[in-house]
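Everything below concerns the one structure shown next.
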Amino acid sequence: MTITITAFERSPDGGKGLARDMRVRWALEEVGQPYEVRLVSFRAMKEPAHLTLHPFGQIPTYEEGDLALFETGAIVFHIAERHGGLLPDDAHARARAITWMFAALNTVEPPIVEREQAPYVERDETWYNEERLTFLDDRIRARLDELSARLGEADWLDGAFSAGDLLMVMVLRRLDGTGILEEYPNLSAYVARGEARPAYKRAFDAQLAVFTATSTG
Ligand code: GTB
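Numbering-wise, our numbering comes out as the position in the sequence shown, counting from 1, plus 3.
Listed below in structure tokens is the structure:
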């Protein structure tokens with residue numbers, strides 16, 4: 004059955020793989036599932052046809068036959084459940100890998116997104132200043148201190164590479180350009196290990212190709 008995902012027609016990151024379709028592309032590449040991509044404009048994302056698929060008018064979405072999903076955590080989980088390669092067979096190891104998926108999205112990502120959005124959503128507030136940004140940066144550091152301590156010198160968070168690592172690497176990549184990740188050599192190496200995976204590279208090249216095609220064409 005054909006899998007179709009949605010992605011930005013013009014990603015604001017210019018193809019750096021920071022938009023969330025990259026997570027889904029990477030998961031599909033890891034499990035060897037071909038997929039098609041429907042590109043959507045910012046306007047189309049808010050129109051009824053897309054809102055039927057995604058109540059919040061966002062990307063990515065996932066369609067497979069009569070199944071339509073949104074939310075990258077749910078999509079990656081669905082892919083990992085249906086195909087081998089992203090979750091261990093052992094029940095306890097599997098539950099722990101799923102725990103890391105939630106940890107990436109619920110515990111590590113929120114302070115990163117808040118910091119990323121502060122310059123856009125808070126800049127007109129009287130209390131928006133350097134002190135506020137330092138506060139937000141330090142909240143990220145608190146999480147990374149803990150994550151770094153847990154990872155230690157291991158390659159992945161819990162044994163073999165899993166969907167938990169896939170989401171955690173993608174979340175940490177959002178720190179690109181902030182200099183914060185570089186304060187944690189083991190986390191930087193962890194992200195680099197994820198980016199070195201052949202499936203990651205195929206997914207990255209595919210999302211970049213959208214940008215190069217639209218910017219030169
Ligand atoms: N919780 C949802 C999920 O995980 O699927 C969040 C989905 C989401 O935030 N989608 C964003 C979106 O559609 C794109 S990924 N935004 C449009 C809107 O809300 O109207 C967020 C994103 C966008 C761009 C960059 N970038 O260019 O660097 C990075 C991340």
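Cβ coordinates follow ideal geometry from the N, Cα and C atoms, glycine included.
State the Cα-Cα distance for the pair residue i and residue j, rounded to the nearest angstrom.
| i | j | result |
| --- | --- | --- |
| residue 85 | residue 35 | 12 Å |
| residue 154 | residue 211 | 30 Å |
| residue 141 | residue 5 | 44 Å |
| residue 93 | residue 38 | 28 Å |
| residue 202 | residue 129 | 45 Å |
| residue 309 | residue 136 | Residue 309 falls outside the range modelled here, since the chain spans only 4 to 220, and no answer is possible. |
| residue 54 | residue 20 | 24 Å |
| residue 87 | residue 23 | 22 Å |
| residue 100 | residue 50 | 36 Å |
| residue 57 | residue 198 | 28 Å |
| residue 8 | residue 41 | 6 Å |
In this structure, how does DSSP classify residue i when only helix, strand and coil are distinguished?
| i | result |
| --- | --- |
| residue 137 | helix |
| residue 55 | helix |
| residue 62 | coil |
| residue 160 | coil |
| residue 94 | helix |
| residue 178 | coil |
| residue 209 | helix |
| residue 6 | strand |
| residue 41 | strand |
| residue 71 | strand |
Identify, in the order they occur along the chain, each residue of the same chain with its Cβ nearer than 6 Å to the Cβ of residue i, setting aside the five sequence neighbours on each side.
| i | result |
| --- | --- |
| residue 106 | none |
| residue 78 | 27, 65 and 72 |
| residue 67 | 4 and 6 |
Since residue i and residue j should fall inside the 8 Å C-beta cutoff, what is the C-beta to C-beta distance between them, to a whole number of angstroms?
| i | j | result |
| --- | --- | --- |
| residue 215 | residue 18 | 7 Å |
| residue 48 | residue 76 | Not a contact, Cβ separation roughly 19 Å. |
| residue 151 | residue 189 | 6 Å |
| residue 89 | residue 118 | With a Cβ gap of about 28 Å, residue 89 and residue 118 do not count as contacting. |
| residue 111 | residue 144 | The pair is not a contact, with the Cβ atoms about 12 Å apart (cut-off 8 Å). |
| residue 168 | residue 159 | 5 Å |
Keeping to the same chain, check which residues put their C-beta closer than 8 Å to that of residue i; ignore five residues upstream and five downstream.
| i | result |
| --- | --- |
| residue 220 | Here the model assigns residue 220 a pLDDT of 49, short of 50, so the residue's position is not dependable, and the following value carries that caveat. If we look at residue 220 and ignore the five residues flanking it on each side, it has no Cβ neighbours. |
Take residue i and list the residues in its own chain whose beta-carbon comes closer than 7 Å to its own, dropping the five residues that flank it on each side.
| i | result |
| --- | --- |
| residue 175 | 184, 190 and 194 |
| residue 196 | 158 |
What I want to know is whether the C-beta of residue i ends up closer than 7 Å to one or more non-hydrogen atoms of the ligand FMN.
| i | result |
| --- | --- |
| residue 83 | Absence of the ligand FMN from the depicted structure is noted, with the ligand GTB being the only ligands included. |
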